[in-house]
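Written out below as structure tokens is the structure these notes cover.
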Amino acid sequence: MLNVESGIAKGRTGGRSGVTNEELERGMELHERRLAAIDERLDRLAAASESHDKRLRRVEDNLVVQGEMLNRIDQRLDRLTALFEQSEAAHAEDRERIRLLQGAMASLFEHMEAFIRGLRPNGHEDHEDKAGDA
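The sequence shown runs 78 to 211 under the working numbering.
Listed below in structure tokens is the structure:
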């Protein structure tokens with residue numbers, strides 16, 4: 078079997094004497110099959126490329142949505158952090174007020190105790206009177 082390529086390789090240039098019409102037709106047929114196979118592959122690659130483009134667009138859309146979500150979460154976290162810091166400051170003020178109040182109450186109780194002891198010189202005077210009366 079001779080084809081166009083082998084005819085050219087042997088030095089035949091395609092004239093009537095070197096290559097037959099059947100060989101030319103076979104060569105053209107092979108060439109058309111190859112072109113058809115290439116076209117088919119190009120069609121599959123184009124379809125795959127479109128599919129990949131669609132997937133990339135979906136990924137890009139998802140990334141945009143996720144970026145927006147992260148931005149919102151970040152803003153909420155900033156607000157919560159500010160609220161927490163305000164709360165901590167308020168709790169620190171409350172703790173200081175409680176310490177002042179406890180100190181004032183302790184001082185008041187000391188004064189009350191001193192006042193009560195001032196009314197009763199030894200603090201047990203009532204008990205002795207009751208014991209002596211009995």
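Backbone N, C-alpha and C fix where the C-beta goes; we use that ideal spot for every residue, glycine too. None of these values were measured; they are calculated from a predicted model.
For residue i, the first and last residue of its enclosing alpha helix (DSSP H)
| i | result |
| --- | --- |
| Gly195 | 98 to 196 |
Rounded straight-line distance, which links the Cα of residue j to that of residue i
| i | j | result |
| --- | --- | --- |
| Ala211 | Met189 | With a pLDDT of only 47 at Ala211, under the threshold of 50, the placement of this residue in the model should not be trusted, and no figure is reported. |
| Asp151 | Arg110 | 60 Å |
| Leu119 | Leu107 | 18 Å |
| Met182 | Arg176 | 10 Å |
| Arg174 | His168 | 10 Å |
| Ser164 | Phe192 | 41 Å |
| Ala159 | Arg172 | 20 Å |
| Ser126 | Ile115 | 16 Å |
| Leu196 | Glu170 | 39 Å |
| Ser184 | Arg156 | 42 Å |
| Asp138 | Arg149 | 17 Å |
| Arg135 | Ser128 | 11 Å |
| Arg121 | Phe161 | 58 Å |
| Glu102 | Ala123 | 31 Å |
| Thr166 | Gly180 | Going by the sequence as given, residue 166 is Ala instead of Thr. Cα to Cα, Ala166 sits roughly 21 Å from Gly180. |
Close beta carbons around residue i, own chain, < 6 Å, minus the five adjacent residues each side
| i | result |
| --- | --- |
| Leu79 | At Leu79, the pLDDT of 45 sits below 50, so the modelled position is not reliable; the number obtained from the coordinates is stated separately. Closer than 6 Å at Cβ, skipping near neighbours: Glu100. |
| Leu178 | none |
| Leu154 | none |
Close beta carbons around residue i, own chain, < 8 Å, minus the five adjacent residues each side
| i | result |
| --- | --- |
| Asp130 | none |
Cβ shell of residue i (< 7 Å), same chain only, five flanking positions each side left out
| i | result |
| --- | --- |
| Val142 | none |
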